[in-house]
Each structure stands twice: as C-alpha cells, then as structure tokens.
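Please read the structure below before turning to the comments.
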Amino acid sequence: MSSVIEWERIWQSRTGKTSQISSPEYWCKRAEDYNDYIRTSNFDHGYKIKELLMSEGLLAAEMDVLDIAAGPGSITIPFAEVTRKVTVVEPAVEMCKHLEINAEEHGLKNIEVVNKRWQDVDDSQVQGIYDLCICSQALWQFPDIVRQIERIDRASRGYCCIAIGAGKDSESDQMSRMLGIDTWSSDLFLCFFNILCQQNILANVRMIDAVMKRSVKSAISMWELNLSKYQEPTAEQRDLIREHVMSNSKEGFYEMVSKLAVVWWPARKGA
Amino acid sequence: MTAMETDIDWEKIWDDDYEQYRQTMRSDSDEQVYWSKRAEDFSNSRRTNDFEYGRQVLSSLWSRVLTPESVVMDVGAGPGTFVIPFAKKVKRIDAVEPAFGMVDKIRHNAEREGISNYGIINKTWQDVDIASISSRYDLVISSLVLWVFKDVWQQLRRMEQASSGYCCVVNGVGDKGDHGEKLWQQLNRDNGNIWHSTQQYPLIYSLLYSKGRLPNVSIINYASERSVEDKVRHIKLCFERRIHVTQDMEKMIQEYFEAKSRNGMIQEPGQAAVIWWRAHGAENENI
C-alpha cells in the first residue's frame with residue numbers, strides 16, 4: 006500500500022546531498038544570475054501565484070506573510086504589493102541585497118528582511134503570527150522535510166503554501182543528464198504530495214506554467230555554477246552548456262516554460 | 086540506495102489492494118443489486134442541503150473546467166449526485182449508471198427539480214462503447230466509483246478517450262474512523278472479520294502523476310444527513326455484502342444509530358478531494 010512507502014526517507018535520500026552542497030555561499034554566487042532570471046521574467050511565477058491565492062481569498066490587504074528562502078524576491082515583490090507586510094527569511098546575503106534593490110524599485114517599504122537560514126529561526130518568536138507562510142522552489146533545501154513542514158505550519162495562523170516544480174523529464178533534467186549531474190533532487194513533487202498525505206494534511210493543488218526568461222549570460226552562469234557544485238566544469242562541458250543555451254535562445258534571451266505545483270492547506274494551528 | 090518513485094508500480098499496488106478488498110466480500114455479492122437496494126438511503130444522503138456535495142464539486146470546477154456550454158458525462162451517476170446540480174448550470178449531462186434502482190432515483194430527482202437536459206445510459210461503464218463517444222464530452226467525471234475497477238488505469242484511459250477537455254475523479258478523504266468502521270469493529274471483535282479500509286486518494290493521484298498527468302486538487306467539505314432508518318438500512322446492506330448479519334447484530338446497529346441521532350437524523354460531515362486534469366496532451370505519457 007502507498008501508505009507504507011517510506012516517503013520521508015525517499016525525500017531525505019534525494020535531497021540530502023544536494024541541500025548540503027547548496028550553501029548560502031553557493032547562493033551568493035548564484036544571486037546575480039538568479040536575479041536576472043526573476044527580473045527578466047517580470048516576476049512571472051510570483052505574480053501568477055499571487056493571482057491564484059487572491060482568487061482563493063488567501064491574500065488580502067490586512068495580511069502578514071512569511072516568505073521562506075525568498076531569493077531576490079520572486080514571491081516577495083508581488084505579494085508585498087497587495088498585503089500589509091512580507092517578512093523574508095533568506096540566508097544568502099547577496100540575494101538579500103538584490104531583494105532590497107528590487108523592493109526599492111517597486112516602491113515597497115513593507116518588507117522586512119531576516120538574513121538567516123529558516124532552520125535557524127527561533128520558533129517561539131514566530132508562532133502563529135503570519136496569515137500565510139510560503140516557500141517557493143526551495144523545499145529541496147530541507148532534507149528533514151516533515152519537521153520543516155511542521156515548523157512552517159506552526160508559524161501560520163491562516164494558510165501554508167508551497168510552490169514546487171512538477172512534471173517528469175523537464176529540460177533541466179535533460180541538461181543535467183547531459184552534464185552528468187546528479188538529478189535526484191529534480192521532480193520531488195510526488196514525494197512531497199505523498200508526505201503531506203501521510204501527515205494527514207489535505208492540500209489543494211494547482212499546476213501552473215512558470216516562465217523562466219533570462220539573458221544568455223545568466224543562463225550560462227546558472228548551468229556552470231550548478232555544475233561546479235559537483236565538479237569543476239571541463240572545457241567540453243562548458244561547450245555543451247554554451248551550445249545548449251544558444252540553441253534555446255532568441256534575441257539574446259534563453260526562455261523555458263515549466264510546470265510549477267502550487268500547494269496550499271489551512272494551518273493546523275497548534276500542530 | 087532508496088527507490089525512486091519511478092520504480093513504484095502504482096497499477097500493481099492498486100491491483101493488490103483491490104484483491105484484498107474483494108477477499109473481504111462474499112462471493113455472491115452483486116454490485117448492481119447492492120446499489121439498487123441502496124438507492125433510497127443514498128439518494129436521501131446526496132440530497133442533503135440541496136445536493137451540497139454535487140454543488141461543491143461543481144463549484145470547484147466552474148469557470149476553470151466548466152461553462153454554460155459544457156457537455157458532461159458522469160460515470161457511475163448514482164441517484165443523480167452530479168446530474169441534478171450540474172444540469173442546472175451546463176448544456177447537458179449524460180449519466181452512466183448500471184443499477185436500476187439508481188436510474189429510477191435519477192429520473193425521480195430530475196422530475197422533482199424540473200430538469201430535462203440529461204440522458205441515462207443504463208450500463209456498466211466497462212460495457213460502454215468508447216469508440217462511439219470518443220472526445221464527445223468537455224468533462225468526464227466520476228465520484229466514488231473507481232474502487233469497483235480492477236483495471237483502474239484502463240478505465241481512467243477510457244474516461245480520457247471520451248473527453249475532449251478534462252477528466253475529474255472525486256474521492257472521499259479524511260477521517261477513516263467513520264460509523265461503518267467503528268460498528269464493524271464492535272460487531273466483529275471476537276470473530277476476526279477484517280474491515281478493508283484504504284486511502285485511495287493518494288493512490289489515484291500518484292497513479293495519474295506517474296502516467297504523466299498533472300492533476301489539480303480542490304478539497305471540499307460537505308454535509309450528509311440520513312434518517313436513522315436509512316442509516317441502519319445502509320449499514321446492514323453494507324455489512325451483508327461481507328458477512329451474515331444476525332438479528333443481534335441488527336439490534337446493535339439500530340441502538341448505535343439511535344444513540345447517535347439528533348431529532349431522528351444522523352449527521353455525517355464529509356471531506357472529498359476533487360481531482361481534475363487535462364484529458365489530452367498529457368506530457369511524457371507512459372502507458
């Protein structure tokens with residue numbers, strides 16, 4: 006039966022190594038290319054998730070939001086435009102700097118940035134104080150998934166929301182295979198879904214299209230830095246990356262559309 | 086090394102679960118006869134709060150999947166659970182329902198509600214000729230029916246073939262400790278009869294996902310209300326499919342529900358997962 010499959014262990018096994026080598030220092034190196042992606046894509050998935058949650062009545066002007074592992078503000082910026090305040094927990098200082106610039110450019114003053122890992126946040130300081138806790142495209146950073154879901158749940162007095170890539174054999178998977186990168190952390194959605202079910206969390210799911218548009222330079226940097234987590238890129242691998250990016254680029258921009266699962270549930274309050 | 090999800094054979098898990106369930110049933114148990122006998126209490130339950138269950142499902146799908154121009158097929162339509170609320174909003178709904186008792190209830194409920202934009206196919210879903218209805222419907226929906234299919238993936242594929250738009254499966258979720266299971270444990274404490282209970286929702290979802298579908302989910306809450314008389318009949322029929330129900334057992338069932346009732350009625354709030362996905366254009370299909 007599916008209920009006896011050890012989903013938590015599968016998650017741990019698939020994310021343990023990748024999360025370990027994706028340190029705040031790594032994300033500081035990635036901050037420039039990642040910020041380029043978010044800005045060039047016009048905060049695409051952030052605005053789409055905002056629209057979705059607003060249509061479900063989960064985002065409103067009087068609400069306080071916690072954005073976990075916010076990066077340069079892909080969720081923070083769209084959400085801060087329609088809520089009272091967004092508190093950001095982001096461990097990479099370079100990401101925080103980009104986020105602050107993006108906030109200023111959007112004229113937003115209702116964002117508080119906490120430069121920390123989510124795992125290091127003191128639970129007693131954040132218990133039940135947010136109307137919505139969201140974590141977008143960063144759940145794979147937490148091998149101890151059940152504990153982190155419980156902590157996210159406890160920080161919310163309203164809803165919890167996770168955005169996570171979905172769909173098999175994405176362009177990213179194919180590229181990783183070509184480069185010989187360990188792809189075990191890709192497509193974690195089904196594992197996450199079953200973990201929620203085993204935790205008796207009944208969640209809503211919407212599959213949305215997320216656009217990733219970035220400069221050629223940013224795309225090359227993304228792949229090279231991603232590869233460098235595992236090994237020093239060889240000249241041959243660099244050529245492969247360049248070739249791949251150029252053949253998928255138009256007018257200087259690399260553009261991909263992928264599926265993102267937006268998953269939300271009412272916080273269990275006191276779980 | 087830990088197995089990846091891609092190594093998991095969801096069809097086999099379903100099949101094993103189906104076989105375990107069948108082993109708990111009497112060999113002379115007939116689905117259609119059972120559901121004809123259940124038509125009265127099931128219809129009353131589904132009519133609660135003006136077909137609240139069906140209306141909640143409709144509301145989850147409205148504008149995302151359904152419009153006033155939609156043509157819908159309901160597989161295993163029961164007493165008109167979806168036929169009645171859907172027909173009021175969409176162009177037409179066709180009901181596939183094999184049990185005569187349920188077909189009578191659909192007609193009765195439709196007449197009572199002044200509904201005429203519906204059709205009935207009095208067959209099992211497996212006997213419906215898919216080629217003759219290929220891509221005919223904007224939505225093919227089914228509620229609490231998949232558990233009767235041993236070859237569930239084949240039947241889901243047939244639903245997809247009949248649709249030019251979306252498919253939807255609605256499955257109960259949440260509290261497993263319902264009245265039926267609690268009573269069964271009380272009545273069978275000493276004889277070792279097993280109550281087969283499974284969480285089908287994650288299984289159905291995982292099967293669809295493993296086949297390249299990307300299903301959406303809405304969790305709905307709804308009310309269900311039956312008289313004590315209806316509820317006793319429901320549970321007695323349900324147990325009779327598995328064991329011989331003695332007079333003592335029947336008395337205990339009666340007393341159990343009388344104690345639980347309020348003004349002669351049994352309230353059973355429920356939760357369900359409304360799972361819907363695009364029928365065609367499934368990426369990376371792996372059939």
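Order-wise, the sequence lines are chains V and W.
For the first sequence, our numbering begins at 6 and goes up steadily by one.
For the second sequence, our numbering begins at 86 and goes up steadily by one.
Every residue, glycine too, gets a C-beta built ideally from N, C-alpha and C.
Quick check: residue i and residue j, are their CB atoms within less than 7 Å of each other?
i	j	result
E310(W)	Q339(W)	no
Q132(V)	R152(V)	no
P96(V)	P148(V)	no
R177(W)	N202(W)	yes
A162(W)	I200(W)	no
L265(V)	A168(V)	yes
I205(W)	V188(W)	yes
E176(V)	M261(V)	yes
C196(V)	W16(V)	yes
Y164(V)	L144(V)	no
I226(W)	D159(W)	yes
V212(V)	N301(W)	The residue asked about is misnamed: residue 212(V) is Met in this sequence, not Val. Yes. Within cutoff.
P170(W)	F136(W)	yes
P83(V)	G112(V)	no
V126(V)	V91(V)	no
G186(W)	S121(W)	yes
E96(W)	W238(W)	yes
E335(W)	V313(W)	no
S303(W)	N47(V)	no
Y251(W)	A364(W)	yes
S114(W)	V359(W)	no
A124(W)	K208(W)	no
From the beta carbon of residue i, is the nearest beta carbon of chain V less than 7 Å away?
i	result
H365(W)	no
I304(W)	yes
V258(W)	yes
Y294(W)	yes
I372(W)	Confidence in I372(W) is poor, its pLDDT being 38 and thus under 50, which makes the residue's placement too unreliable to answer from.
N369(W)	Any reading at N369(W) must be qualified, since the residue scores a pLDDT of 41, below 50, and its modelled position is unreliable; the value itself is stated next. Closer than 7 Å: yes.
P153(W)	no
P287(W)	yes
N129(W)	no
N278(W)	no
T87(W)	The pLDDT assigned to T87(W) is 47, lower than 50, so where the model puts this residue is not dependable; a value taken from the coordinates is nonetheless given after this. By this cut-off, T87(W) is an interface position.
Tell me, please, whether the CB atom of residue i is closer than 7 Å to any CB atom in chain W?
i	result
K296(V)	Summary: the structure shown does not reach residue 296(V), with chain V confined to residues 6 through 276, and so no result is reported for it.
V210(V)	yes
K264(V)	yes
N199(V)	yes
C138(V)	no
C202(V)	yes
For residue i, which residues in chain V fall below 7 Å Cβ to Cβ?
i	result
G297(W)	K173
N301(W)	V210, R211 and M212
Check each candidate in the options and name the one with the smallest Cα separation from residue i.
i	options	result
G76(V)	Q142(V), D125(V), E109(V) and M183(V)	Q142(V)
A36(V)	R243(V), S79(V), C140(V) and P83(V)	S79(V)
E67(V)	L184(V), R14(V) and E86(V)	E86(V)
W270(V)	R243(V), C140(V), M180(V) and M183(V)	C140(V)
A272(V)	C166(V), V221(V), F198(V) and E56(V)	C166(V)
Y294(W)	L193(V), L232(V) and A65(V)	L193(V)
D212(W)	R192(W), G349(W), D223(W) and R243(W)	R243(W)
L207(V)	D333(W), G259(W), D102(W) and M110(W)	G259(W)
P238(V)	H103(V), G62(V) and G185(V)	G185(V)
K218(V)	A240(V), Q242(V) and S254(V)	S254(V)
G297(W)	N278(W), I215(W), W362(W) and G349(W)	W362(W)
Can you pull the chain V neighbours of residue i, defined as C-beta to C-beta under 8 Å?
i	result
Q356(W)	L207
Q108(W)	Correct list: empty, because the minimum Cβ distance to chain V is about 15 Å.
Q141(W)	None at all; the shortest Cβ gap to chain V is about 13 Å.
Cβ closer than 9 Å: which chain W residues qualify as neighbours of residue i?
i	result
F147(V)	The premise fails here: F147(V) is roughly 17 Å from chain W at the closest Cβ pair, so nothing lies under 9 Å.
So with CB distances below 8 Å, who are the chain W contacts of residue i?
i	result
I10(V)	I93
Just the chain V side, please: which residues come within less than 9 Å of residue i by C-beta, in chain order?
i	result
Q339(W)	None at all; the shortest Cβ gap to chain V is about 32 Å.
Original post:
Do the region 297 to 309 of chain W and the region 354 to 361 of chain W make contact, defined as three or more Cβ pairs closer than 8 Å?
Top reply: Between the region 297 to 309 of chain W and the region 354 to 361 of chain W there are three or more inter-stretch CB-CB distances shorter than 8 Å, so the stretches are counted as touching.
Original post:
Can we say the region 216 to 229 of chain V touches the region 237 to 248 of chain V, given the rule of at least three CB pairs closer than 8 Å?
Top reply: yes
Original post:
Between the region 285 to 305 of chain W and the region 199 to 217 of chain V, do three or more beta carbon pairs fall short of 8 Å?
Top reply: yes
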